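K.L.:
All residue numbers for the sequence shown refer to the working numbering, where the first residue is 1 and numbers rise by one.
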Amino acid sequence: VLDVVRKSGSCDCLQGFQITHSLGGGTGSGMGTLLISKIREEYPDRIMCTYSVCPSPKVSDTVVEPYNATLSVHQLVENADEVMCLDNEALYDICFRTLKLTTPTYGDLNHLVCAAMSGITTSLRFPGQLNSDLRKLAVNLIPFPRLHFFMIGFAPLTSRGSQQYRALTVPELTQQQFDAKNMMCAADPRHGRYLTAACMFRGRMST
């Protein structure tokens, strides 16, 4: 794996690394965090961004998921710069309640994660007025070095049948982003406080 990573040496302007893994399984938590620590050793000045699927009590496959997650979070605190927290329970609820899918598959859950990753990396891939990169995102969103665990809110989320009948304004989109139903982590933001927040919009819009 590290031989593949070393191919990044031919990049003109390497910003950092993005890794997707699950904290519940042995491979994602053990091998994933080991890979993160090895990359950190070789590239200490590059940004390390992870998309980490956290285990949830309702959607659990193995008994040792809590242990795997607990042991791997320490590695994420020490070696990652940005951790996007996702969990299958929240993704399943979005598919079932909002997207009106009666039997969501892992393909449907992965589609949601792909949409979120695409949105986060939009400013890296397309030109815009206020574009940011991985480092700018970290600088603006992390008040203290160890507080780099982010929740992702995504909008618009509508069922396939109602997409063509729904036109949303910018305030409505923003409100949906911060709605607990649109969060891809099963935690209610209304029970806490926002330290920082960043909204990324795609397409033509006016403020």
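Just so it is clear, CB atoms sit at the ideal spot from N, CA and C, and this is done for glycine as well. The structure displayed is predicted, hence computed values, not measured ones.
Do A187 and F154 have their C-beta atoms closer together than 9 angstroms?
P.N.:
In this structure, F154 does not lie closer than 9 angstroms to A187 by Cβ.
K.L.:
Which class does F96 belong to by DSSP, given the choice of helix, strand or coil?
P.N.:
Residue state, collapsed to three classes: helix.
K.L.:
Spatial neighbours of H74 within its chain, please: C-beta separation below 8 angstroms, excluding the five flanking residues on both sides.
P.N.:
There are no such residues.
K.L.:
Note down the Cα distance separating Q129 from D61, rounded to an integer number of angstroms.
P.N.:
One C-alpha to the other measures close to 44 angstroms.
K.L.:
I think L77 touches R146, with their Cβ atoms under 8 angstroms apart; what is that distance to the nearest whole Å?
P.N.:
Checking the sequence, you will find Val at residue 77 rather than Leu. Going by Cβ atoms, the distance from V77 to R146 rounds to 6 angstroms, so yes, they are a contact pair.
K.L.:
Note down the Cα distance separating L71 from V64, rounded to an integer number of angstroms.
P.N.:
The straight-line gap from Cα to Cα measures roughly 11 angstroms.
K.L.:
With distances taken from CA atoms, which of I19, L101, Y51 is nearest C185?
P.N.:
When each option's Cα is compared against that of C185, the closest is Y51.
K.L.:
Give the straight-line distance between the Cα atoms of T158 and I19, rounded to the nearest whole angstrom.
P.N.:
The straight-line gap from Cα to Cα measures roughly 28 angstroms.
K.L.:
Check each candidate in M200, S10, T196 and name the one with the smallest Cα separation from Q176.
P.N.:
Comparing Cα-Cα distances from Q176 to each of M200, S10, T196, the minimum goes to M200.
K.L.:
Rounding to the nearest angstrom, what Cα-Cα distance links A197 and S123 in this structure?
P.N.:
Whole-angstrom Cα-Cα distance: 16 angstroms.
K.L.:
If distances are taken between C-alpha atoms only, which option among E172, H111, P66, G107 comes closest to G25?
P.N.:
Per the Cα distances, P66.
K.L.:
Let me make sure I understand the geometry here. Which of I39, M48, L101, L109 has the alpha-carbon closest to that of D133?
P.N.:
Checking every option, the nearest Cα to that of D133 belongs to M48.
K.L.:
Going along the chain, which residues of its own chain have a beta-carbon closer than 7 angstroms to the beta-carbon of E89, five neighbours each way excluded?
P.N.:
Correct list, in chain order: S56, K58, V59, A186.
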